[in-house]
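2 protein chains.
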Amino acid sequence: MSSLRDAHDFEQPCPIRDVLDRIGDQWSLLVLSTLESGTFRFNTLLREIGDISKQMLSRTLKQLEQDGFVTRTVYAEVPPRVEYTLTDLGRSFLQPMQHLVAWADENHRTIVDARAHYRASR
Amino acid sequence: MSSLRDAHDFEQPCPIRDVLDRIGDQWSLLVLSTLESGTFRFNTLLREIGDISKQMLSRTLKQLEQDGFVTRTVYAEVPPRVEYTLTDLGRSFLQPMQHLVAWADENHRTIVDARAHYRASR
DNA sequence: CTCAATGGTCTAATGAAAAGACCAAGGCAA
DNA sequence: TTGCCTTGGTCTTTTCATTAGACCATTGAG
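One line per chain: the protein sequences are H and G, in this order.
For the first sequence, numbering that gives the first Met the number 0 assigns the number 0 to the initial residue and increments by one for each residue that follows.
For the second sequence, numbering that gives the first Met the number 0 assigns the number 0 to the initial residue and increments by one for each residue that follows.
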């Protein structure tokens, strides 16, 4: 198993850095976790997420589709209907993410306190 | 335990979103994982990471210090010596990250293949 | 006396992201 | 028949973050 640090030994495109580059942006995680609860149309996703722009949702979905996390299905209707849903890969990715979520829950207070303490000591 | 999605129920600052906002940027993870292997001075970190700018390293370290992931120690020498090291919190954070790293290793090929397939089907 | 090294900060140029106008196609109402 | 509505995007403009690189104070070495 490689470590995060190996990201700089560019023998090949490094797995972690490659994955984090895609997933570690502003929106991917939020889109993936929204899709966790089912299939969504474009505009529904937009409303669900709330503070993402059309452009970024479009771009993020395109990347996620490209990397095999999400499938895009177009129905030949008017007005058009396009549905997005998680692939098995996408679902499996959310599993390690849960560890991170759990950690965040456990340690959030500590972090908030650290910030308060930092500000107090300026 | 809250889910990633709860990020939008702004009762309080949501743990996950709060943590991801800080940690999910371009550099924090890379800095943290570099510090995993010990204590570093500013310029050494700069060289270790390689493609980060002074400004961003400075800013990233300041945030990590603020959130309690990293300690900053200044020695009254000339030229100045400033050392950065992980706190217990910082080290504990890298634990759930390992799950993500492992996932990336396991699934990287699948992702690369998905990309190739996507490109092929344009 | 000058030069190098450290840990930064400041400024100017570049790149990415957000906001919102715009588009095509057909259904529906008047 | 003339609008107007809806969807899923894209294009353009403005704003914001990031980068590259100059600059700074200090002092020990040559």
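Every residue gets a Cβ at the ideal spot worked out from N, C-alpha and C, and that includes glycine.
Query: What is the rounded straight-line gap between the Cα of R122 (chain H) and the Cα of F41 (chain H)?; Result: Because chain H spans 0 through 121 in this model, residue 122 (chain H) falls outside it and cannot be assessed.
Query: Could one say the Cβ of T20 (chain H) lies closer than 7 Å to chain G's Cβ atoms, at least one of them?; Result: Reading off the sequence shown, one finds Asp at residue 20 (chain H), where the question assumed Thr. So, not an interface residue.
Query: Strictly by DSSP, which residues pair up with R71 (chain G)?; Result: G:Y83
Query: Could you tell me the alpha carbon to alpha carbon distance between K53 (chain H) and V73 (chain G), rounded to whole angstroms?; Result: 46 Å
Query: Is R114 (chain H) helix, strand or coil when you go by DSSP?; Result: helix
Query: Determine the chain G residues that contact Y83 (chain H) at a beta-carbon separation under 8 Å, and present them in chain order.; Result: Chain G residues near Y83 (chain H): none, gap ~15 Å exceeds 8 Å.
Query: Does the segment 103-114 of chain G come within contact of the segment 50-70 of chain H, defined as at least 3 CB pairs closer than 8 Å?; Result: yes
Query: Count the other CB atoms, across all protein chains shown, that sit within 10 Å of the CB of P78 (chain H); report buried if there are 16 or more and exposed otherwise.; Result: exposed
Query: Grab the span of the alpha helix (DSSP H) containing V18 (chain G) for me, first residue to last.; Result: 14-22
Query: Please say whether V100 (chain G) and I15 (chain H) have beta carbons closer to each other than 7 Å?; Result: yes
Query: Using 7 Å as the limit for Cβ to Cβ distance, is K100 (chain G) near chain H?; Result: One detail in the question is off: residue 100 (chain G) reads as Val in this sequence, not Lys. V100 (chain G) counts as touching chain H.
Query: Which residues in chain G have a C-beta closer than 7 Å to the C-beta of G89 (chain H)? List them in chain order.; Result: Within chain G, no residue comes near G89 (chain H); the closest Cβ sits about 10 Å away, beyond 7 Å.
Query: Candidates G:R118, G:L29, G:A119, G:H98: which alpha carbon is nearest I48 (chain G)'s?; Result: G:L29
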